[in-house]
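Residue numbers for the sequence shown follow the numbering used here, so the first one is 1 and each next one is one higher. Beta carbons are placed, not taken as given, at the ideal position from N, Cα and C, and that holds for glycine.
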Amino acid sequence: MHIMPLNKKKSISVVVPLFNEEKSIRSFHKSLVEVLSRTKLEFEIVYVDDGSIDDTANVINKFKDKRVKLVALSRNFGKEIALSAGVATGKYEAIIMLDGDGQHPVELIPEFISQWQSGSDVVIGLRKASSGRSALGRMNSYLFYKLFNLISGQKLIPESTDFRLIDRDVADEFNKISEDHRMTRFLIDWLGFDRSYVNFDAKKREHGEASYSTGKLINLAFNSMISSSPKPLYFFAYLGVMICLLSLFLGIAVILEQLILSDPLGWKFTGTAMLGILIIFLVGIVLMSQGIISVYISRIHNQSKGRPLYVVNKRKSVGLSSQKILKYKS
Ligand code: UDP
Ligand code: MG
1 MHIMPLNKKK SISVVVPLFN EEKSIRSFHK SLVEVLSRTK LEFEIVYVDD GSIDDTANVI
61 NKFKDKRVKL VALSRNFGKE IALSAGVATG KYEAIIMLDG DGQHPVELIP EFISQWQSGS
121 DVVIGLRKAS SGRSALGRMN SYLFYKLFNL ISGQKLIPES TDFRLIDRDV ADEFNKISED
181 HRMTRFLIDW LGFDRSYVNF DAKKREHGEA SYSTGKLINL AFNSMISSSP KPLYFFAYLG
241 VMICLLSLFL GIAVILEQLI LSDPLGWKFT GTAMLGILII FLVGIVLMSQ GIISVYISRI
301 HNQSKGRPLY VVNKRKSVGL SSQKILKYKS
């Protein structure tokens, strides 16, 4: 995989997912090449055509530039998969990923590179809270991150975006992750390594429309929560226990007060109400037993994700041959 000697930090791959960007791509490409040429690094640009139905692929083919690669997916797989395909294709010492609609300013690429060259393995673009989005959009993403962090136990920064640089070591580990329903930035966060941040102002989209509808986003949020934590499964088990305990106490109180002591407190419980308590009790039991099944399911779910048990930072480890590292991974 390493076609360059390690620690030279002289070459980068830029990965850009594209879906129907024929209007943006020419000017985007021009400014990207300009910025990259100024860095004096060796570079390649990996465009991933995510099943565009417009002229995106043809426009790229006309660039006639050896440094440009085009990965054309067979259909629209969504940005997350497109990014993964690009990361798997990029061969150089670091990979920078950014949107092709111009919302991630290419002028900041040198900043990402210099943080990488001074030692960060992951450089993350943070979007200034107010830029380029509606109040509703901002609130959505704030709530989403709060909820996500709560459920998954991770600590993600709400402003963090997919505008990122990852070192070759991180990219190699990322490429081993095979789970679907993926969200690139969460997986990169999960991988760890040394990170630093670059702030940027997101520009407004110049052409076309954002292809992430609110529905798609909710779906993505739901999927990444489900795949990052079993907590939603346990929630109903706890609920079952609570319901059972409450209705048990209520049931005992009613039996004592009404049937045995013949209603000294004047509760006047009807037969229907007692039936109600019984049913609630049974519902609690059903939820609880579902919860036990859930524990088994969550084990299966965890295993079936096939994530490695842990990830080794090979560069920082001492005295481990790559074979040893492989053997440690159970
Ligand atoms: N994109 C993609 N596949 C899709 C949707 C979007 O590759 O199914 C690309 C799109 O061309 C752009 C980037 O992902 O380069 C971000 O997409 P968009 O601007 O629609 O999302 P937002 O800015 O709302 O995050
Ligand atoms: Mg966009």
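DSSP on residue i, reduced to helix/strand/coil?
i	result
residue 227	helix
residue 123	strand
residue 69	strand
residue 12	strand
residue 135	helix
residue 42	strand
residue 200	strand
residue 324	Low per-residue confidence applies at residue 324: pLDDT is 48, beneath 50, and the placement is therefore not dependable, though the value from the model is reported in the following sentence. Residue state, collapsed to three classes: helix.
residue 17	strand
How far does the alpha helix (DSSP H) with residue i in it reach, from first residue to last?
i	result
residue 118	Taken as a continuous stretch (DSSP letters only), residue 118 belongs to no alpha helix (DSSP H), as it is neither H nor E.
residue 59	56 to 61
residue 100	Looking at the DSSP string, residue 100 is not in any alpha helix (DSSP H), and its letter there is neither H nor E.
residue 79	79 to 89
Where do the ends of the beta strand (DSSP E) carrying residue i lie?
i	result
residue 94	94 to 97
Q: Only counting runs of 3 or more residues, tell me where the beta strand (DSSP E) segments fall wholly within the segment 148 to 194, in order along the chain.
A: 160 to 167
Q. Hey, is the segment 101 to 110 in contact with the segment 67 to 82, meaning 3+ C-beta pairs nearer than 8 Å?
A. no
Q: Flag this pair as touching only if the segment 276 to 296 and the segment 230 to 249 have three or more C-beta atom pairs under 8 Å; answer yes or no.
A: Result yes; three or more Cβ-Cβ pairs closer than 8 Å.
Q | Length at least 4, wholly inside the segment 245 to 303: the alpha helix (DSSP H) runs in chain order | A | none
(Q) I want to know whether the segment 251 to 268 touches the segment 183 to 193 - three or more CB-CB distances under 8 Å. (A) no
Q | Validate contact between the segment 30 to 50 and the segment 140 to 152 using beta carbons, cut 8 Å, 3 pairs | A | No, they do not touch.
Q) Can you find at least 3 beta carbon pairs, one from the segment 175 to 189 and one from the segment 19 to 28, that sit closer than 8 Å? A) no
(Q) With three or more beta-carbon pairs closer than 8 Å as the criterion, would you say the segment 274 to 290 touches the segment 234 to 254? (A) yes
Q: Give a yes or no on contact between the segment 112 to 122 and the segment 149 to 162, applying the rule of three or more CB pairs nearer than 8 Å.
A: Taking 8 Å as the limit for Cβ pairs, the verdict is that the segment 149 to 162 does not touch the segment 112 to 122.
Q.
Contact between the segment 63 to 78 and the segment 159 to 174 is defined here as three or more beta-carbon pairs at a separation below 8 Å; is this criterion met?
A. no
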